[in-house]
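Positions 763 to 937 (our numbering) are the ones given, in order, by the sequence shown.
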Amino acid sequence: MELYEAIQKRRSIRKFKDKKIPQEVLERVLNAARLAPSAVNLQPWKFMVIRDPGTQKALVECTRGAKHLHLGMGDASIVACGNEEECYQRQGDYMKTFAIDVSIALDHMMLAAASEGLGTCWIGAFNEKKVKALLNIPDPWRVVGMTPIGYPNETPEFNGRKSLNEIVCYERWEP
Numbered sequence: 763m764e765l766y767e768a769i770q771k772r773r774s775i776r777k778f779k780d781k782k783i784p785q786e787v788l789e790r791v792l793n794a795a796r797l798a799p800s801a802v803n804l805q806p807w808k809f810m811v812i813r814d815p816g817t818q819k820a821l822v823e824c825t826r827g828a829k830h831l832h833l834g835m836g837d838a839s840i841v842a843c844g845n846e847e848e849c850y851q852r853q854g855d856y857m858k859t860f861a862i863d864v865s866i867a868l869d870h871m872m873l874a875a876a877s878e879g880l881g882t883c884w885i886g887a888f889n890e891k892k893v894k895a896l897l898n899i900p901d902p903w904r905v906v907g908m909t910p911i912g913y914p915n916e917t918p919e920f921n922g923r924k925s926l927n928e929i930v931c932y933e934r935w936e937p
């Protein structure tokens, strides 16, 4: 699948088939995150792949609201973490780039997953302290986002997006 096709076809998937992702496919998806750009090339990320059903169920308990029960429904869940301290040491209080960098890498992963015929769904509503405790994630690492990953068992409709005219301006700010 071409990049633009993956971008256009990617949807948030909340229902998954009971089908295992081959390790080589999963590694291609993870490699897309590894190749993502980052500020000062820090690559301040670490990704945890959770396949154990009990741990996935416990992750669901760390989310905010029943609508995220799909987190443990794919073959795996991926927890994306960033090193806040490393970014601060290199860039000071200028900007919290670790979260931006990890988000870019997770998006690369999600697009790669779509190109492999896999589904994902960005999960940002979670109790970080509970996730860190469950997975033994030490400070200064922060949990930035999570996603289930697996073979889709649904084809959601396109939700629509704003037009380019609504989101782009040239040379100067336009409301």
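For every residue, glycine included, the Cβ atom is placed at its ideal position computed from N, Cα and C.
Less than 8 Å between the C-beta atoms of P910 and G844, yes or no? no
Where the alpha helix (DSSP H) containing F860 begins and where it ends: 859 to 877
Write down the C-beta distance between Q818 and I812 rounded to the nearest angstrom, noting that I regard them as a contact closer than 8 Å. 6 Å
Inspect the beta-carbon positions of F888 and A842 and report whether they are closer than 8 Å. no
Under three-state DSSP, which class holds A842? strand
I need the boundaries of the beta strand (DSSP E) containing T817, first residue and last residue. T817 -> not in any beta strand (DSSP E); alpha helix (DSSP H) instead, spanning 815 to 823.
Hey, how far is the Cα of F778 from the Cα of S839? Approximately 12 Å, taken between the alpha carbons.
Per DSSP, what kind of secondary structure is K892 in: helix, strand or coil? helix
Can you tell me whether R904 is helix, strand or coil according to DSSP? strand
Opposite P914 in the DSSP bridges: which residues? As a beta-bridge residue in DSSP terms, P914 pairs with F778.
Per DSSP, what are the beta-bridge partners of V791 in this structure? Answer by DSSP bridge pairing: none, since V791 is not bridged.
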